[in-house]
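Residue numbers (my numbering), protein chains in the order written: chain Y, 52 to 165; chain S, 52 to 165.
Input: a single structure, listed below in structure tokens.
2 protein chains.
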Amino acid sequence: MSKQLAVLQPEACCAPLAVATVPAEAAADLAAAFKALGDPVRLQLMSMIASADGGEICVCDLTPAFDLTGPTISHHLKVLREAGLVESDRRGTWVWYRADRPKLAMLSAVLRVG
Amino acid sequence: MSKQLAVLQPEACCAPLAVATVPAEAAADLAAAFKALGDPVRLQLMSMIASADGGEICVCDLTPAFDLTGPTISHHLKVLREAGLVESDRRGTWVWYRADRPKLAMLSAVLRVG
DNA sequence: CGACTGCTTCGAAATCTGTCAACCTAGGGG
DNA sequence: CCCCTAGGTTGACAGATTTCGAAGCAGTCG
């Protein structure tokens with residue numbers, strides 16, 4: 052849990068954008084992740100999850116932070132889940148979300164410049 | 052030009068996603084940038100521009116790399132331009148594009164994790 | 001068991017996106 | 001001066017997205 056140096060990339064990736072052209076197959080995957088972050092609500096959800104105390108946060112703490120209905124938040128969380136950016140986990144009554152750190156690191160690396 | 056540590060952010064930004072929750076106003080701006088990258092064609096265009104030799108590339112070198120018509124490429128370039136990710140510059144017959152490195156660096160910083 | 005709460009899934013309406021064909025503008029050459 | 005090429009703009013349309021209300025499933029508590 053403490054050692055996270057070895058970046059296990061589930062998909063093709065990783066030469067920084069500014070160094071080499073992204074191959075078409077990798078582009079599709081990466082674009083899907085960026086697309087998931089391309090909505091203000093999802094970006095905020097992502098940051099709330101990633102910066103949560105203990106690395107996890109309950110949906111019940113996410114929903115009231117927005118002027119949106121439960122189903123809508125649930126939909127956005129699903130998009131993040133399907134993009135591989137977060138993982139969820141039902142624990143009793145509540146569902147907890149946590150960020151996929153390696154995936155975020157990978158995206159950050161792709162955008163890194165000189 | 053060599054020292055790029057001080058990130059000059061044109062817009063509000065920059066505490067990494069995983070450190071603090073992104074405020075709503077910043078989220079809108081950042082999400083717009085990620086959204087622009089959230090299309091495979093634009094991501095490839097972006098990487099071709101950012102990794103171009105000499106930091107610049109001619110549209111005439113971009114268009115033939117895709118199975119898309121000129122207007123479509125032009126549209127995608129416009130999206131990147133309006134997101135502040137690239138700048139363009141007509142030079143005689145041809146139009147040249149170059150990446151906004153600080154903006155890319157900012158996005159990378161936002162996604163950076165521990 | 002039965003009802004209540006939390007979250008997800010389903011179905012539907014309004015809006016946004018990606019793409020092309022057609023047209024327009026800027027610059028270079030006969 | 002007229003035309004030709006490189007790109008960008010406009011208009012149109014199929015398909016995707018955002019959002020909601022209603023319904024469904026999973027756990028908890030009386």
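C-beta atoms are modelled at their ideal positions from N, C-alpha and C, and glycine is treated no differently.
For clarity, every value in this text was computed on a predicted model and none was experimentally measured.
- For residue 164 (chain Y), the neighbours in chain S by C-beta distance under 9 Å run, in chain order, 55, 101, 150, 152, 153, 155, 156, 159.
- Residue 91 (chain S) sits buried, since 16 or more C-beta atoms from the chains shown fall within 10 Å of its C-beta.
- For residue 163 (chain Y), there is no enclosing alpha helix (DSSP H), as DSSP gives it neither H nor E.
- Shown here, residue 139 (chain S) sits in a strand according to DSSP, grouped into three states.
- The straight-line gap separating the alpha-carbon atoms of residue 139 (chain Y) and residue 94 (chain S) is approximately 28 Å.
- A Cβ-Cβ separation of about 14 Å leaves residue 117 (chain Y) out of contact with residue 108 (chain Y) under the 8 Å criterion.
- Between residue 135 (chain Y) and residue 86 (chain S), the gap from beta carbon to beta carbon reaches 8 Å or more.
- As the crow flies, the alpha-carbon of residue 80 (chain Y) is around 20 Å from that of residue 164 (chain S).
- DSSP, read as helix, strand or coil, puts residue 103 (chain S) in coil.
- Contact note: residue 70 (chain S) reaches chain Y through 102, using a C-beta cutoff of 7 Å and chain order.
- Where residue 77 (chain S) is concerned, the enclosing alpha helix (DSSP H) starts and stops at 75 to 88.
- Close partners of residue 128 (chain Y) in chain S (Cβ separation under 7 Å) are lacking, with about 16 Å as the shortest Cβ gap.
- A residue is called buried once 16 or more other Cβ atoms fall within 10 Å of its Cβ, and residue 122 (chain S), having fewer, is exposed.
- Bounds of the beta strand (DSSP E) holding residue 146 (chain S) are 145 to 150.
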